[in-house]
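Chains as they are written, first to last, in our numbering: chain S, 19 to 419; chain L, 49 to 134.
Every residue, glycine too, gets a C-beta built ideally from N, C-alpha and C.
Please read all numbers here as calculations on a predicted model, not as lab measurements.
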Amino acid sequence: MKRSSDELLYNSIKWFLYPEKRDSVSFDDYTSEDIEKTIKTAKGHVVAPFIFDAFTQSALKEKVNETYLKELTYTTKQTVIQSYRLIFLTKYVCGLLKENGIDTVVLKGIAAAREYPEMLYRKSGDVDLYLLEKSKEKEAVEVMKNAGFLFFEEDQKENHQTVLVSRDGIKIELHTMITEPFSDKRANERIALFEESIKDYAGNVNIWGSDFPVLQRGAFAFTLLLHALQHFMRAGFGIKLLCDMAALFENGLNDKEKETYLYLINDCLLTGFSKVILSVCVYYLGIDKDKVPHELCEIEKCDAFLEDVLKAEEFGRNDVNRMAVVSGNGLWGYFKEFHHQMKLSFPKASKVFIIIPVLWVITLVRFLINNKKVRKTTAAEIFKNAGERSKMARELEIFER
Amino acid sequence: MNNKLKNYEIHDVAGTHFLVNVSQRGDVFEKPLEINEFGAYVCKYLKDGKSSDEIAKILSEEYEAEYDEVLKDVNDFLNVLNEKIV
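The following block contains the structure:
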């Protein structure tokens with residue numbers, strides 16, 4: 019069902035993303051209720067700064083309640099100041115590691131923000147760096163610890179990143195994998211091959227007189243897609259990730275970048291997922307369809323997908339029943355996903371075959387306790403939600419040969 | 049002051065003028081300074097190499113105000129700026 023407040027959100031984002039297309043966006047028919055809902059949704063998806071320009075510069079400004087406007091202005095300014103902090107911290111950490119012979123590329127962060135008309139509006143909370151040589155992970159951690167960054171054992175939960183914290187509390191994640199492993203073995207193998215060749219795609223972008231290491235835009239678009247998929251396969255992701263893709267593709271990929279992107283999505287069996295994401299960007303976020311390097315999918319599929327994104331808010335935190343998407347069919351599919359989640363929780367221990375049943379039990383007990391105490395929902399609700407979202411995943415032909 | 053401002057840029061974002069040290073290392077964060085429109089003009093002219101007298105002359109014409117009053121405002125702003133920026 020199309021809601022006028024959602025439409026207002028998309029139009030306000032378009033106003034921000036494409037200043038040259040502002041004449042085609044109308045804000046005439048929206049009510050104060052639409053405005054209120056739009057601000058709330060934008061905040062939930064951490065894209066409030068993206069609607070700031072439309073709400074303060076277009077005909078909308080006459081309709082916005084002063085309190086909301088003050089709140090929106092405050093949120094936007096806070097995001098801008100935080101962005102400055104993260105940009106300079108990124109510059110420092112990349113420089114520090116580089117001086118010590120450790121090459122990185124920025125994942126998301128400034129690499130995504132630079133595609134926007136105002137990069138300071140993209141909200142981010144930490145710095146994500148990918149180590150071009152995985153073998154230098156320990157060395158990188160030592161360099162950072164010596165420079166005063168803090169290392170807490172309890173932060174090291176996932177198996178593809180090391181987390182350090184700056185003295186003012188900002189997390190720096192050093193990644194050795196672009197994404198956590200998926201349940202599809204072939205896709206994981208192809209992504210591992212991409213990681214092996216990632217140096218070939220590394221370059222620099224100059225911002226305010228300083229160089230930042232980033233990936234070539236075709237390869238970068240692929241990493242954004244993987245990031246979106248990683249969240250989609252868990253609890254989902256919000257509008258911000260769609261905006262990242264829209265901003266990047268609207269700026270246009272050159273022929274080489276398009277070729278890289280098409281090769282990578284095809285190789286990793288993600289063409290269907292790319293189609294739905296970029297189609298949503300065309301139909302709802304207004305990117306030029308000629309800038310999409312493949313065909314679009316039907317609008318009905320996009321509607322269902324966008325509804326899932328809207329419900330998710332940032333990384334699915336708005337829906338306690340979301341945990342994962344099951345890629346296979348029936349009970350076997352659920353079991354496979356359960357086994358995969360166990361492996362993600364116990365990456366080292368799960369390699370010891372004999373203790374796997376114990377790890378299954380621990381995973382199950384944790385799952386049940388978390389449902390009751392943290393998520394305050396039931397396993398049945400979670401299975402129901404996983405079933406519905408898994409059906410959508412199958413329609414998107416994710417990892418299908 | 050001109051030399052001090054060499055590493056600074058004025059960014060107009062979110063309806064605000066920020067004076068930003070774009071050359072900062074990043075280990076210790078030098079927070080951008082929020083300045084008003086008058087301050088943004090003063091910084092811009094300073095970066096263009098103008099003296100406080102010249103700036104006061106330009107701004108007194110721009111704001112249709114008394115030269116002496118504007119010069120005082122310019123100097124007050126520069127004193128504050130001198131304390132705030134590295």
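Inset, instruction - Note the first and the last residue of the continuous alpha helix (DSSP H) segment covering K156(S). - result: 155-164
Legend entry - Cutoff 9 Å: E136(S) Cβ touching any chain L Cβ: yes
Legend entry - Close beta carbons around F30(S), own chain, < 6 Å, minus the five adjacent residues each side: Before going further, note that residue 30(S) is Ser rather than Phe in the sequence given. Excluding residues within five positions, the ones whose Cβ falls inside 6 Å are I69, A72.
Legend entry - chain L contact for R140(S) (CB, 9 Å cutoff): no
Inset, instruction - Check the C-beta distance from E268(S) over to G236(S) and give it rounded, since I have them as a contact under 8 Å. - result: Going by Cβ atoms, the distance from E268(S) to G236(S) rounds to 15 Å, so no, they are not a contact pair.
Legend entry - The alpha helix (DSSP H) enclosing T49(S), as first and last residue numbers: Looking at the DSSP string, T49(S) is not in any alpha helix (DSSP H), and its letter there is neither H nor E.
Inset, instruction - Compare the C-alpha of L35(S) against each of I372(S), R419(S), G304(S) and name the closest. - result: G304(S)
Legend entry - Closer than 8 Å at the beta carbon, the chain L residues around I99(S): Going along chain L in sequence order, the residues near I99(S) (Cβ under 8 Å) are K79, P80.
Inset, instruction - Using a Cβ cut-off of 9 Å (strictly closer), state whether P37(S) contacts chain L. - result: no
Inset, instruction - On the DSSP bridge assignment, give the partners of P231(S) in chain order. - result: N222(S)
Inset, instruction - For G97(L), go through chain S and note every residue whose CB falls closer than 7 Å to its CB, in chain order. - result: Simply none; closest approach about 19 Å.
Inset, instruction - Give the DSSP bridge partners of Y66(L), in chain order. - result: In the sequence as displayed, the identity of residue 66(L) is Phe instead of Tyr. Beta-bridge pairing links F66(L) to H59(L), E82(L).
Inset, instruction - For C320(S), collect the residues of the same chain with a Cβ closer than 8 Å to its Cβ; drop the 5 residues on either side in sequence, then sort them by chain order. - result: The residues are V294, S297, V298, Y301, Y302.
Legend entry - Helix, strand or coil at F240(S) according to DSSP, with G and I counted as helix: In the structure shown, F240(S) adopts helical secondary structure according to DSSP, grouped into three states.
Legend entry - V43(S) - containing beta strand (DSSP E), residue span: Careful: V43(S) lies outside any beta strand (DSSP E) and carries neither H nor E.
Legend entry - Selection from K141(S), V159(S), E172(S), Y139(S) that minimises the alpha carbon distance to Y148(S): V159(S)
Inset, instruction - Taking only beta-carbon positions, decide if G87(L) is within less than 9 Å of chain S. - result: no
Inset, instruction - Quick one: grab the DSSP three-state call for H193(S). - result: strand
Legend entry - Closer than 9 Å to chain S by CB, E66(L): According to the sequence shown, residue 66(L) is Phe rather than Glu. Chain S contact via Cβ: present.
Inset, instruction - Give a yes or no on whether the minimum CB-CB distance between Y110(S) and chain L is below 9 Å. - result: yes
Legend entry - The alpha helix (DSSP H) enclosing Q179(S), as first and last residue numbers: That residue, Q179(S), is in no alpha helix (DSSP H); its beta strand (DSSP E) goes 179-183.
Inset, instruction - Give me whichever residues DSSP pairs with F385(S) in a beta bridge. - result: The partner list for F385(S) (beta bridge, DSSP) is empty, contrary to what the question assumes.
Legend entry - the stretch 93-105 of chain L touching the stretch 122-130 of chain S, judged by at least three CB pairs closer than 8 Å: no
Inset, instruction - Check D146(S) in the structure and name its three-state DSSP category. - result: strand
Inset, instruction - Would you check if there are 3 or more beta carbon pairs closer than 8 Å linking the stretch 214-224 of chain S to the stretch 252-268 of chain S? - result: no
Inset, instruction - Please name the residue, chosen from R73(L), E109(L), G87(L), K132(L), that lies closest to V15(L) on a Cα-to-Cα basis. - result: Residue numbering for chain L in the displayed model covers 49 to 134; residue 15(L) lies beyond these limits and cannot be assessed.
Legend entry - Alpha carbon of L280(S) to alpha carbon of L287(S), nearest angstrom: When rounded, the distance between both Cα atoms is 11 Å.
Inset, instruction - Buried or exposed for K95(S), please, with buried defined as at least 16 other CB atoms from any protein chain shown within 10 angstroms of its CB. - result: It counts as buried.
Inset, instruction - With DSSP collapsed to three states, give me the class of L168(S). - result: strand
Inset, instruction - Using a Cβ cut-off of 9 Å (strictly closer), state whether L107(S) contacts chain L. - result: yes
Inset, instruction - Answer with yes or no whether the minimum CB distance from R132(S) to chain L is below 9 Å. - result: No, R132(S) does not count as interfacial toward chain L.
Legend entry - Cβ of K95(S) within 9 Å of any chain L Cβ: So yes, K95(S) belongs to the interface.
Inset, instruction - Following the continuous beta strand (DSSP E) through V98(S), name the residue where it begins and the one where it ends. - result: From DSSP, V98(S) is part of no beta strand (DSSP E) but of the alpha helix (DSSP H) over 84-117.
Inset, instruction - Would you please verify whether the beta carbon of T74(S) is less than 9 Å from any beta carbon of chain L? - result: Chain L contact via Cβ: present.
Legend entry - I105(S) beta carbon less than 9 Å from that of I225(S): In this structure, the beta-carbon distance from I225(S) to I105(S) falls below 9 Å.
Legend entry - Among I188(S), V327(S), L150(S), S76(S), the one whose alpha carbon lies nearest that of G221(S): L150(S)
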